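J.:
In the working numbering, the protein residues as written are 595 to 748.
1. If you check the beta carbons only, do residue 687 and residue 700 fall under 9 Å apart?
2. Using only CA atoms, which one of 649, 685, 673, 727 lies nearest to residue 739?
3. Can you check DSSP and say which residues form a bridge with residue 743?
4. To the nearest angstrom, how far is the alpha carbon of residue 672 from that of residue 732?
5. Given a threshold of 16 other Cβ atoms within 10 Å of its Cβ, counted over all protein chains shown, does residue 664 qualify as buried or as exposed?
6. Looking at the structure shown, is residue 641 part of a helix, part of a strand, or coil, going by DSSP?
7. Please say whether residue 676 and residue 666 have beta carbons closer to each other than 9 Å?
Next comes the structure, spelled out in structure tokens:
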């Protein structure tokens, strides 16, 4: 009898843990949620952003989500610091995001004067993101740009 209760308690605890861990993956983020870049293409930052633009190194990158009432869409602030040769540039811009069926999509990023994005092909690559436990991974529709993995900080 004692063993049967222990097995049931263990199975209940495992079930609750699975449900709680999946909640962070499937829920959209709330207003003010921030993510900082940890790695690019699996390499820790600072890291080469990809083969386009050649030699650009990402030093820092932060995303801050500003949700609308439905929590599945809204605006995101993007702050990126990168180095291309001896020049270091910082770009900050806002754009829209939409979260649907576990996939995060973004509106195209504007290209501020002198920013590294000016060197990318004319049609910006598509970006899709997926939430994991305390993380966000963004992949690009261009093989020349490496995926980025961000860590949730709040």
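Idealized CB from N, CA, C, for every residue including glycine.
No experiment lies behind these values; they were computed from the predicted model shown.
T.: According to the structure data:
1. no
2. 649
3. 633, 731
4. 13 Å
5. Of the residues assessed, residue 664 falls on the exposed side of the cut-off, its CB having fewer than 16 other CB atoms within 10 angstroms.
6. Annotated three-state conformation of residue 641 is strand, per DSSP.
7. no
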